[in-house]
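Working notes, beginning with the structure itself.
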Amino acid sequence: MSEKPRKFKGGVHPNDSKALSASKAIQDAPLLDAYTVIMHQNIGAPPELLVKKGDAVKKGQLLAKAGGFVSVPLHSPTSGTVGAIDKCPGPTGIAVPAITINSDGEDEWGSLFEPISDWKNTAPADLKQRVWDAGIVGMGGAGFPSHVKLSPPEGKGIDTLILNGAECEPYLTADHRLMVEQPKDVVLGAAIIARILGLDSAVIGIEENKPDAIAELQKVAGEYNVRVQPLPVNYPQGAEKQLIYAITGREVPVGKLPMDVKCVVQNIASAVAVFEAVVKGIPSIERVTTVTGKPIVHPGNWRFRIGTPISKALELAGGINEQPAKLLLGGPMMGIAQSSLGVTVMKNTSGILLIARDEVSLYTSEPCIRCGRCVDACPMDILPATISQAVENKRFDWAEELNVMACIECGSCSYVCPSHRPLNQHFKWAKVEIQSKLRRRN
Amino acid sequence: MVSEFLFITIGAILVNNFVLSKFLGICPFLGVSKKLDTALGMSGAVIFVMTLASLVSHLVNHFVLVPNGLEFLQTLVFIVVIASLVQLVEIMLQKLSTKLYESLGIFLPLITTNCAVLGCVVINSKAAPESIQSTWYGATIYGFCSAVGFALALILFSSLRERLDLAQVPKAFEGTAISLITAGILAMAFMGFSGLV
Amino acid sequence: MDLKIILISIAATGIIGVLLGLVIGYVAKVFAVDVDERIEKVAELLPGANCGGCGFAGCAAFAKAVVAEDAAPSQCPVCSEDDVRNIAEYLGIVVEQGEKKVAVVRCSGDCANTVRTLYNGIRDCRSAVVVAGGAKGCDYGCLGFGSCANACPFGAIEIRDGLAVVHPELCVGCGNCVSACPKNLIELVPASAEVHVYCNSPEKGVAKRKVCKTACIACRKCVKASGEEDHMLVDGFLVKTNYDNPPPADLVEASACPTSALRVASKHAANEYQGVSK
Amino acid sequence: MSEQETSQSIRLPDPAKLVVSNSPHIRSGQTIHKVMFGVVAALLPACAAGIWFFGLAALNVLLLCTVSCVGFEELWNKAMKRPSTWKDGSAIITGLLLGMNLNAGIPWWVCIIGAFLAIILAKQLFGGLGYNPFNPALVARVGLLIGFPALMTTWNEPQGGKMMVDAVTTATPLSMAPGAAQVTDMLVGNTGGCLGETSAIALLIGGGILLALKLIKWEVPAAFIATVAVFTGIAHAANPHEYASPIVHVLSGGLLLGAFFMATDMVTSPMTRKGALIFGLGCGLITSLIRLWGNYPEGVSFSILLMNALTPLIDRMSMPKPFGYVAPEKGKVA
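Residue numbers (our numbering), protein chains in the order written: chain A, 302 to 743; chain B, 1404 to 1600; chain C, 414 to 691; chain D, 6 to 339.
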């Protein structure tokens, strides 16, 4: 394994705007009267509801159990009673089922998991079961159940565990703060995950614009055979495939998973959650989220309970001083725009971001001038401009020929496009159409 | 000798391109240039027919028509030869590649009336007796190169048209109109080669 | 001399012709392919719109299937009864006549009546639905970017003030729009039914009214107005027309639908309804 | 923060004013407008050189071409009821390039015909900016060259700084006997020819601006110029009396103008770097062929037009393999 990271092709360098919140220590968000926990927080099957309206619940009590292997259980963020089980605005704009927990103000823990302090001598299978029981998902954005990633099929021969601390999205600093403030937890989490995978080492990849995080981690990393790998600043450095390439030089084949090149990638926040679940016995009921953006009065990083409405999070940050143009969950490059303040913090909500009017340039359908900037910027080496024109003319078959399925939707192409074409949306659309065609065929 | 071959080659492919300079074979040029794949298939078919037609016509012309003073039958006989060759290609193609056969559609039998083929054969038969074109191999090479020139124009044009498919051409100019304008500009560009040979 | 030349030319052309004919004949034998002439004939009898309403790739593919008796000629939604009969006669098969169907867009929430979010992106429903569910207050309503209208080979769908409206007299029931709609709003119904509920939201009445003035709130006035006959069926918070026993057009008048979600298709197409705000 | 503060003064976003769109939500700030005016800025040194050497007549031609190009563009937009597009700057570039490709002494009506060819025939009929397969200015130039060969091959004699309106005609270095041309004259621009192509230095400055602003791919001019130099160099070495030296070939005629400003036109050249190399190579090859053995003394315009026609094919062939590409298994057709 080389010490020098490889540079992947393409990428862009947006103004990272992290200074707004990078130096703000993580604060615990105060207890609210009510939390609205969205049922389906993970990729895969939705969990099965275990409570009904009026039930008394304790903090950390199971609200829903995993609805299959690719599914995780859901726990109560605080103690109180179950309120309405109804629909609330979901992160994708469609109303989704959610459980409201009315807090009793006691914030009293139910029965915790048995803490496993001697994890070094615990069977990996037991540790993995704990990860699953604690309801941990990929907290970087996708929300893929962590235990599934930690269960590679026989014969994959996993040899590298990578912790993704790149946090290449502009504005977001939640992972950054976690690494600075809880370096030991991060490293321990990494070591536990490594043990689950049967490895004795791990690599943490961090973009060079976070020197304090690198320094803090390096102080504690050696003890657990964890290597801290500084990476050049280049969006999308934190995309799984690019990260693996930068650190190991292996290319994940199109349509394949990291495990096919013997790698497992986990998010920093997930690693901390694993540490807390194993060593402290705490299920995944809170997460660190950055609330930031130019219109925000006091940007910062908070530890929110899952189910905190965005309006409350914004209030905590002092509200706004100007009407923003967009409200996003996640970062500005891949985040999802919201039209409601009723959406709640989920396990994969890494940031709540307000974008000011002067930062937004609207998408237009101006013609492509074939400048090729998108081709240069594309980290997957496909031809965004041509694909977009094909999609514009509903030529999804052609888009498929042009390898649109390899697109990772990082948005680099749309970022650089001087014509402000909605390239990324074209690709998402094409992927949906191609997949539905495949489904029809089967 | 070598230079003469070079002249025939460059002349037939670039300078006196059948489509863009002699304006022969415009019908398939416009008809089967909507897609690159079909254009490639058509190019193959035309190269096959034109090369063989040149050879067979030369033989027929040289050994049957001219000795018997039957030059006035040239057009008739040439067309019979071409038609049979096209028939051959059609039968074979239907068996070998049904997809290509269907996408070429009516334009395949229409190679018969592709004036580029007849033009090529007639030009061969009119070649000066001392020129290389009046030998059987010269005629064949000329036929082959002319067909390659036709193929070149067709492939270029079809790839351009695939791009035009994505363009927002004004309603009145959609389809054949804009294709003809494109062909015109292409022909203009090919004029740059004039004088090379 | 003339006779000689004539004879020679006849002989020369004759010999050349025979030789070439022999070669072709031989090649034709070697490369023989069976072609069913009936396919071409059936394709000629079909409308040639290539709309795909039959479920095949186009008229040619459908003709192939009909000849192979994998499909019945009446599966073509565009063919008139005469066309179907002609094809059946030609092939010597018996067909049953299917019932004529038309498409209905089960939403009446145009811009004037429905809450919408500011949306910036591609103006196409199937694409917009990828972003924030299409940015309409009602998650189940018509987005009005016209994917269905673009899919319609017969120009039977009009986009009016952000709402797709089917013109029943133009619709042939090919069903292209049905698969084009990302919200699954469009349904093929018997053309004889005139009254439809133009709402598709299974939400509670209160939730629906918040985002749309013309939502069906399942007040059952229409159910009551149809009396003993079960013309209208209640399904949760939504009423639907019973297409096995469709109501007469005057039910709309009789029931006085408070939100005007109940409409006569032809009048809806002619833009004769306004949302009722209460 | 205190309890009082949080209760009243906190403002929350108004959801009704929030825009929903797909990611990404921030942009690099690059616009078509900026790209185009960058190119215009890069064209100015060569224009200034043209005016210096050919006087006010050159200014007239440049202005006339630019104004009529913009005029035709707006007329078309009006007629087609499309929104006005001249502000994107592409028509201005076309006009300037057209003017630079003409002789300073050209009659005014030729400029207007050229502008019509460029804007209407070569650009708007194809759907406007972004859809034209051929470089509009070059279509106009080649059209005029074929239509009015005499007018298009008569050159004014350069008269540095005199700002004359009428002028004496002269020959271009390419049509002179090999060895007769002065390299320093060509560098500065003291030679006959189109008004935009005289001064190699001014063109190089413009090219430098384009490269510095990353408005063009360096592969195109590099491959173009290098190919011409190598090709004509071989010819010169083989027969110095018949063929001019590669330095003359590179510095004279429209080569620098074509290589930096016209071959690099983004709309009509390949998008990938590899494609750009092939494109430049092809341009150089055809240019050398025409210059050395063709009827026309100048092959730059023809070669670029021909390569424009080849662009879709090059794009198709130079399609990159995606990161982590796996070739589909044979016999496994989806």
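Backbone N, C-alpha and C define an ideal beta-carbon position, used for all residues, glycine too.
All values reported here derive from a predicted model rather than from experimental measurement.
Buried or exposed: where does residue i fall if 16 or more other Cβ atoms within 10 Å of its Cβ makes it buried?
i: Leu-64(D); result: buried
i: Glu-8(D); result: With a pLDDT of only 42 at Glu-8(D), under the threshold of 50, the placement of this residue in the model should not be trusted; the figure read from the coordinates follows. The residue is exposed, with fewer than 16 neighbouring Cβ atoms inside 10 Å.
i: Lys-319(A); result: buried
i: Pro-1431(B); result: buried
i: Leu-482(C); result: Rather than Leu, the amino acid found at residue 482(C) in this sequence is Glu. By the 10 Å Cβ count, Glu-482(C) comes out exposed.
i: Asn-313(D); result: buried
i: Thr-277(D); result: buried
i: Gln-687(C); result: exposed
i: Lys-86(D); result: exposed
i: Asn-422(A); result: exposed
i: Thr-337(A); result: buried
i: Lys-337(D); result: Interpretation of Lys-337(D) is limited by its pLDDT of 40, a score under 50 that renders its predicted location unreliable; no figure is taken from the coordinates.
i: Met-302(A); result: With a pLDDT of 41 at Met-302(A), under the threshold of 50, the predicted position of this residue should be treated as unreliable, though the coordinate-derived value follows. Per the 10 Å Cβ criterion, exposed.
What residue range is occupied by the uninterrupted alpha helix (DSSP H) comprising residue i?
i: Phe-1593(B); result: 1579 to 1593
i: Thr-382(A); result: Not the alpha helix (DSSP H): Thr-382(A) falls in the beta strand (DSSP E), residues 381 to 390.
i: Gly-43(D); result: 37 to 59
i: Leu-311(D); result: 305 to 322
i: Cys-288(D); result: 278 to 298
i: His-30(D); result: His-30(D) -> no alpha helix (DSSP H), and no H or E assigned at all.
i: Pro-425(A); result: 425 to 434
i: Gln-736(A); result: 724 to 742
Any C-beta of chain B sitting closer than 7 Å to the C-beta of residue i?
i: Phe-475(C); result: no
i: Gln-293(A); result: Examination of residue 293(A) is not possible in this model, given that chain A is present from 302 through 743 alone.
i: Gly-299(D); result: yes
Could you spell out where the beta strand (DSSP E) holding residue i opens and where it closes?
i: Ile-507(A); result: 503 to 508
i: Leu-462(A); result: 461 to 466
i: Tyr-546(A); result: Element bounds for Tyr-546(A): not the beta strand (DSSP E) but the alpha helix (DSSP H), 541 to 549.
i: Arg-528(A); result: 527 to 532
Between residue i and chain C, is any beta-carbon pair separated by less than 7 Å?
i: Gln-1477(B); result: no
i: Gln-297(A); result: Nothing about residue 297(A) can be reported from this structure: the residues present for chain A run from 302 to 743 only.
i: Met-1445(B); result: no
i: Asn-1517(B); result: no
i: Asn-1471(B); result: yes
So with Cβ pairs under 7 Å, would you call residue i a contact of chain D?
i: Met-1591(B); result: yes
i: Ala-541(C); result: no
i: Gly-1598(B); result: yes
With a threshold of 7 Å between beta carbons, is residue i in contact with chain A?
i: Ile-15(D); result: yes
i: Leu-1423(B); result: no
i: Asp-552(C); result: yes
i: Thr-158(D); result: no
Using a Cβ cut-off of 7 Å, which residues of the region 660 to 675 of chain A contact any Cβ in chain C, in chain order?
Leu-663, Tyr-664
Could you tell me which whole alpha helix (DSSP H) segments of length 4 or greater appear in the region 627 to 676 of chain C?
634 to 638, 664 to 668
Below 8 Å between beta carbons is the criterion; list the residues of the region 118 to 137 of chain D that meet it against any residue of chain A, in chain order.
Gly-132, Gly-133, Leu-134, Gly-135, Tyr-136
Taking any Cβ of chain A, which residues in the region 599 to 622 of chain C have a Cβ under 7 Å from it, in chain order?
none
Members of the region 316 to 349 of chain A near chain B, C-beta cut-off 8 Å:
Under the 8 Å Cβ criterion, the region 316 to 349 of chain A contributes no residue.
Every unbroken beta strand (DSSP E) inside the region 595 to 677 of chain A [3 residues or more]
601 to 606, 627 to 630, 637 to 639, 652 to 656
Would you list, in chain order, the members of the region 1482 to 1500 of chain B that have their beta-carbon closer than 8 Å to a beta-carbon of chain C?
If the cut-off is 8 Å between Cβ atoms, the region 1482 to 1500 of chain B has Val-1483, Val-1484, Ser-1487, Gln-1490, Leu-1491, Ile-1494, Met-1495, Gln-1497, Lys-1498, Leu-1499 near chain C.
Residues within the region 23 to 41 of chain D neighbouring chain C, beta-carbon criterion of under 8 Å:
Leu-23, Val-24, Val-25, Ser-26, Asn-27
Just by C-beta distance, which residues in the region 606 to 640 of chain A are closer than 7 Å to chain C?
Ala-638, Ser-640
Give me the subset of the region 434 to 459 of chain C whose CB atoms are less than 9 Å from a CB atom of chain B, sorted by chain position.
Gly-434, Val-436, Ile-437, Val-440, Ala-441, Val-443, Phe-444, Ala-445, Val-446, Val-448
By the 9 Å beta-carbon criterion, what residues does the region 506 to 533 of chain C contribute toward chain D?
The residues in question are Val-528, Thr-530, Leu-531, Tyr-532, Asn-533.
Residues of the region 714 to 729 of chain A in Cβ contact with chain C at a cutoff of 8 Å, in chain order, please.
Listed in sequence order: Pro-723, Gln-726, His-727, Lys-729.
Residues of the region 544 to 559 of chain A with Cβ closer than 8 Å to any Cβ of chain D, in chain order
Tyr-546, Glu-552, Val-553, Pro-554, Val-555, Gly-556, Lys-557
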